[in-house]
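If you're matching them up, the sequences are chains A and B in order. Heads up: the first sequence begins at 1 in this note's numbering, then just goes up one per residue. Heads up: the second sequence begins at 182 in this note's numbering, then just goes up one per residue. All C-beta atoms, glycine included, are put in the ideal place defined by N, C-alpha and C. None of these values were measured; they are calculated from a predicted model. Have a look at the structure below before the remarks.
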Amino acid sequence: MAEVPARAGFDDWVSARRPALLRTAYLLTGDPHDAEDLVQTALIKVVPRWHRIAEDPEPYVRTVLSRESVSRWRRRRWREVHTDRVPDDLASAQHDRDVTDREVLRQALGELSPRQRTIVVLRYFDGLTEAETAHVLGLGLGTVKKHGREAMARLRDQLGGLVEERGTEETGRPVADVSSR
Amino acid sequence: MTAPAQEQPRLTRALEDLAGQAPHGSPDPTLFARATRAHRARRAWAAAALVVLVVGLGSVAGIGALGRTTGSMAPASGSLDGGLPSVVSEVSPYLPGTGGKPWDPVAVLMEGERATGIGAFLGRTTPGVVAVSTAGEYRFLDLPDDAAGGYALSPDGVHVAFWVTGDPTANPNTGEPIIGVGVYDVVSAATQRYPIESAHGLDPRALTWVDDDRVAFDYGAWLGGEGDDEMSQSTSAHAPGTVVWTPATGAASVVDGFRLTAAGAGFLLDTSRNTCLDLASGARTTVRPPHGISGAYAVGNGCRVAHEWRRTSPGWPSVASEDRTTRYRQVARMRQPLAVDETSLTYWGPSATTFGPRVELTGYAVWRLDLRSGETTQVVGWPRATYGTPELIGLATGYAHAPTIQAQPPVGVVPLPWLVVGGVVALLASVAVLGWGLRRTRVTAPGRGLGERRG
Numbered sequence: 001m002a003e004v005p006a007r008a009g010f011d012d013w014v015s016a017r018r019p020a021l022l023r024t025a026y027l028l029t030g031d032p033h034d035a036e037d038l039v040q041t042a043l044i045k046v047v048p049r050w051h052r053i054a055e056d057p058e059p060y061v062r063t064v065l066s067r068e069s070v071s072r073w074r075r076r077r078w079r080e081v082h083t084d085r086v087p088d089d090l091a092s093a094q095h096d097r098d099v100t101d102r103e104v105l106r107q108a109l110g111e112l113s114p115r116q117r118t119i120v121v122l123r124y125f126d127g128l129t130e131a132e133t134a135h136v137l138g139l140g141l142g143t144v145k146k147h148g149r150e151a152m153a154r155l156r157d158q159l160g161g162l163v164e165e166r167g168t169e170e171t172g173r174p175v176a177d178v179s180s181r
Numbered sequence: 182m183t184a185p186a187q188e189q190p191r192l193t194r195a196l197e198d199l200a201g202q203a204p205h206g207s208p209d210p211t212l213f214a215r216a217t218r219a220h221r222a223r224r225a226w227a228a229a230a231l232v233v234l235v236v237g238l239g240s241v242a243g244i245g246a247l248g249r250t251t252g253s254m255a256p257a258s259g260s261l262d263g264g265l266p267s268v269v270s271e272v273s274p275y276l277p278g279t280g281g282k283p284w285d286p287v288a289v290l291m292e293g294e295r296a297t298g299i300g301a302f303l304g305r306t307t308p309g310v311v312a313v314s315t316a317g318e319y320r321f322l323d324l325p326d327d328a329a330g331g332y333a334l335s336p337d338g339v340h341v342a343f344w345v346t347g348d349p350t351a352n353p354n355t356g357e358p359i360i361g362v363g364v365y366d367v368v369s370a371a372t373q374r375y376p377i378e379s380a381h382g383l384d385p386r387a388l389t390w391v392d393d394d395r396v397a398f399d400y401g402a403w404l405g406g407e408g409d410d411e412m413s414q415s416t417s418a419h420a421p422g423t424v425v426w427t428p429a430t431g432a433a434s435v436v437d438g439f440r441l442t443a444a445g446a447g448f449l450l451d452t453s454r455n456t457c458l459d460l461a462s463g464a465r466t467t468v469r470p471p472h473g474i475s476g477a478y479a480v481g482n483g484c485r486v487a488h489e490w491r492r493t494s495p496g497w498p499s500v501a502s503e504d505r506t507t508r509y510r511q512v513a514r515m516r517q518p519l520a521v522d523e524t525s526l527t528y529w530g531p532s533a534t535t536f537g538p539r540v541e542l543t544g545y546a547v548w549r550l551d552l553r554s555g556e557t558t559q560v561v562g563w564p565r566a567t568y569g570t571p572e573l574i575g576l577a578t579g580y581a582h583a584p585t586i587q588a589q590p591p592v593g594v595v596p597l598p599w600l601v602v603g604g605v606v607a608l609l610a611s612v613a614v615l616g617w618g619l620r621r622t623r624v625t626a627p628g629r630g631l632g633e634r635r636g
C-alpha cells in the first residue's frame, strides 16, 4: 500500500508548487483556463512516475509542462488560425495608453510559435540556461539558440525597449531560484 | 557569464508582472486518484488493443502460411506412383478447387459441402465433389458446368464419367435435361462428350467403367416433356442396349438388349437376364443370383460376380460369387458384425478380394475382404465428421493392391475468406480500440475536458 504515502507527498507538493506552475503555464498559454488545463494535464502525466521522482519532482514536472504546452498546440492547431500579422486591435492597443503593458506582452507572446514562447518563458521567467532549456524541451542546443534569437527579434519588434539588444549566447545559472517563483 | 534575468531584466520583470495574472484556484484533491485510475485504464486499453493487434496480425500472417500449405501425405512404403489414402478427412468448405487445370489422378471421390462465390462469405454452401489425389492432396474437383451427377471414377483414377445436361430436340422433361455422357480427364483437364439425341431428355440408369479406358452406360428416353400428359412425362423407353464408349478414341458400340447392372475387368453384368458378358470374346455366361437378394454387384476375375449375400442375422453379411460353372455360393463370411451398405461392393479383384464401405459407430470405412479366410482389413477410413460423414462417390480400384498412403489430415483447409475478413477486421479493430481507448482516457480522466472552459 505505497500509494497512500505517495499520494500524500504528491498532494503536499502540488499544494506548494501549483501556483508557480500556474504562473509558468499562464505565460505559456496566455489564457487562465488553458493554464489550469495545462497544469492539470501535466500533473496527471507525472502521477504514474511519482514514486520515482518524488525526491525532486520539479525538473520532471517542468519538462512535462513545457513539452505538453508545445504538443497541445500541435494537437489543436487544426482549429486555430495562426497569422504573422499583428492584429489590428493589438496594433491599436500599442498606441492606446489605457491598455497595460502586460496585455501587450501577453499578446506579443501569443504571436510567437509555441516553441519560441516556451523558450522565452523558460529562459527569462524560469531562469534556465540555454543548455537546460534544450534538455527540458528535448531539443538540440542550436535549435534553442535559433528559436531564441528569432523570438527575441520578434518581441523586440513588438515591444520595443522592453527587450534589450543583447546576444543570446550561452549563459550561466539563473540568478533567481525557480522554486521561489 | 550572464544570467538570463540579468540579460533581459526588463523582460524578466514584465514576465513576472504578467504571471501575476495567473489563476489562483485551489488544487483538485482527487487529482491523484483520478490520474491513477486514468493511468490504469490507459494501460488496460493498451494491453487489450495489443492483444487484439497480435491476434489480428497473427491471423493475417497465418492465413498466408496455411493457404500456401497443402495437404501432404507420405507414401507408407515408398511407392512412387501413389495410392489410396489410409484415412480421408473431412474438409473445409473453403478447400481450393482444381480450377479446371491438370491435376494428379484421383484416389477417392466423396461428397463435400463447398462454399463458393459471394455466398462463401456468408457461410452458404452447395454440394461439391471432394477429390483426394493418389499423391494425397485434397481439392474440390471442378468439373464442367454441364456435369449433372452420376459420377463414376475410372479404376486408374484418371477419368471421371458423368451425365451431362443440355437442350433436347423438343420440350424438356425436367429443368435440366440429360442429353448425354461426359468424361473428364483429371490429368489433362480435357473433357470428351457423347451426345445422345432425344426429344425430351434422358432417364439415366447406369454409368460405370468397364476398365481404365471404356465407360459403359445405360439409359432410357423420356416419352414426354413439360406440358405433355403425366403418363408420358413419367415414362421412359429403354435404350436399345448398353453403350460401351472409349473416350480416347471416340469409338462406341451398343450391346443390343443388354441392361447394365455392373461392369468391371472387361465384363458387363445384366442381372435382369442373369447374363455376364465378356467384351473381349463376346462370350455370355449365365449367372443365377439367389432369390430375394437385391444387393450390389461387382464383376471381375473371369466374370465372377460378387454381391451381398444373405443376412442370416442382422449385421452378419457375407459375399458370394459364381463363375460360369457353379451357382452362387457363399465363399466368405465377414467375421465382424458389420452393417454393410447395400451399395457397398465396388470391386472384385483378381486375388479374390473385394471392397465395401461400411457404416459403424466410429465412422465410415472401405474394407478389404479376403474371400479365403474371411478376414477383413480396413483400407480407407473416415473419421467421424462434424456435419455428417461424407459419402463415398468413387474409389480408384486400380490401386487396390498398392500400398496405401500414410494419410494426414489436409492442412490448409481453413476458411480462408472468413479468416481474411476476420484478420483484417481484427487489425482495424485493434487500431480503433487503441486510438479510442487512449483518447478516452486522455479526455475523461482529468475530470473535465482539456479544452473545456469553465463558465
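Would you check if there are 3 or more beta carbon pairs closer than 8 Å linking the segment 128 to 135 of chain A to the segment 101 to 117 of chain A? no
Note the first and the last residue of the continuous alpha helix (DSSP H) segment covering residue 116 of chain A. DSSP places residue 116 of chain A in the uninterrupted alpha helix (DSSP H) bounded by 114 to 124.
For residue 375 of chain B, which three-state DSSP category applies? strand
Just reading off the beta strand (DSSP E) that residue 33 of chain A is part of, what are its end residues? No beta strand (DSSP E) contains residue 33 of chain A, which is instead part of the alpha helix (DSSP H) from 32 to 46.
Spell out a yes or no on whether the segment 409 to 419 of chain B and the segment 388 to 398 of chain B are touching, meaning 3 or more CB-CB pairs, one atom from each, closer than 8 Å. no
Considering only their Cβ atoms, is the gap separating residue 29 of chain A from residue 21 of chain A smaller than 7 Å? no
When burial is assigned at 16 or more other CB atoms within 10 Å of the CB, is residue 428 of chain B buried or exposed? buried
Which value, in whole angstroms, describes the spacing of the CA atoms of residue 490 of chain B and residue 452 of chain B? Bear in mind that a pLDDT of 48 at residue 490 of chain B, under 50, signals an unreliable position, so the number given afterwards is only what the model happens to contain. Looking at the two C-alpha atoms, the distance is approximately 15 Å.
Helix, strand or coil for residue 60 of chain A per DSSP? helix
Just mark residue 282 of chain B as buried or exposed, buried being the case when its beta carbon has 16 or more other beta carbons within 10 Å. The residue in question, residue 282 of chain B, is exposed, as its Cβ has fewer than 16 Cβ neighbours within 10 Å.
Tell me which residue opens and which closes the beta strand (DSSP E) that residue 50 of chain A is part of. Here residue 50 of chain A belongs to no beta strand (DSSP E); instead the alpha helix (DSSP H) covers 50 to 53.
Is the beta carbon of residue 339 of chain B less than 7 Å from the beta carbon of residue 286 of chain B? Cβ distance < 7 Å, so residue 339 of chain B and residue 286 of chain B count as in contact.
According to DSSP, is residue 460 of chain B part of a helix, a strand, or is it coil? coil
Roughly how many angstroms lie between the CA atoms of residue 236 of chain B and residue 229 of chain B, to the nearest whole one? Their backbone Cα atoms lie some 11 Å apart in a straight line.
Enclosing alpha helix (DSSP H) for residue 136 of chain A [first to last residue]: 130 to 137
Would you list, in chain order, the members of the segment 204 to 219 of chain B that have their beta-carbon closer than 8 Å to a beta-carbon of chain A? Those residues of the segment 204 to 219 of chain B placed with their C-beta closer than 8 Å to a C-beta in chain A are 204, 205, 206, 208, 209, 210, 212, 213, 214, 215, 216, 217 and 219, ordered along the chain.
Contact set between residue 101 of chain A and chain B, taken where Cβ atoms lie within less than 7 Å: 195
Given a threshold of 16 other Cβ atoms within 10 Å of its Cβ, counted over all protein chains shown, does residue 344 of chain B qualify as buried or as exposed? buried
Taking Cβ-Cβ distances shorter than 7 Å, what residues in chain A pair up with residue 198 of chain B? 102
Give me whichever residues DSSP pairs with residue 365 of chain B in a beta bridge. B:341 and B:372
Segments of 3+ residues assigned as beta strand (DSSP E) that fall wholly inside the segment 392 to 461 of chain B: 396 to 403, 417 to 419, 422 to 427, 432 to 437, 443 to 445, 448 to 451 and 456 to 459
Going by alpha carbons, who is nearest to residue 638 of chain B out of B:577, B:408 and B:328? For chain B, the structure presents residues 182 to 636; residue 638 of chain B sits outside this window and is missing.
Please report the distance separating the alpha-carbon of residue 85 of chain A from that of residue 221 of chain B. Since pLDDT at residue 85 of chain A reaches only 44, below the 50 mark, its modelled position is unreliable, and the value read off the structure follows with that caveat. Looking at the two C-alpha atoms, the distance is approximately 45 Å.
Say yes only if the C-beta of residue 37 of chain A is nearer than 6 Å to one or more non-hydrogen atoms of the ligand FMN, and no if none qualify. As far as ligands go, the structure on display features none, and thus does not contain the ligand FMN.
Going along chain A in order, which residues have a C-beta closer than 7 Å to the C-beta of residue 192 of chain B? 124, 162 and 163
Closest Cα partner of residue 617 of chain B within the set B:206, B:196, B:443 and B:227: Looking only at B:206, B:196, B:443 and B:227, the smallest Cα-Cα distance to residue 617 of chain B is reached by B:227.
Is residue 295 of chain B closer than 7 Å to residue 280 of chain B when the C-beta atoms are compared? no
DSSP three-state label for residue 15 of chain A, please. Here residue 15 of chain A sits in helix by DSSP.
So which of B:231, B:192 and B:204 has the shortest CA-CA distance to residue 613 of chain B? B:231
Could you compute how far the alpha carbon of residue 260 of chain B sits from the alpha carbon of residue 583 of chain B? Caution is warranted here: a pLDDT of 41 is assigned to residue 260 of chain B, below 50, making its placement in the model unreliable, and no coordinate value can be reported.
Could you tell me which of A:42, A:50, A:5 and A:122 sits nearest to residue 68 of chain A, measuring between CA atoms? Relative to the Cα of residue 68 of chain A, the nearest Cα in the group A:42, A:50, A:5 and A:122 belongs to A:42.
Which value, in whole angstroms, describes the spacing of the CA atoms of residue 8 of chain A and residue 151 of chain A? So the alpha carbons of these two residues sit roughly 40 Å apart.
Could you tell me if residue 358 of chain B is buried or exposed, where buried requires 16 or more neighbouring beta carbons within 10 angstroms of its beta carbon? buried
Tell me the residue span of the beta strand (DSSP E) that contains residue 467 of chain B. 465 to 467
What is the DSSP secondary structure of residue 295 of chain B, reduced to helix, strand or coil? strand
Please determine, among B:297, B:464, B:264 and B:209, the residue with the shortest C-alpha to C-alpha distance to residue 273 of chain B. The option with the nearest alpha carbon to residue 273 of chain B is B:297.
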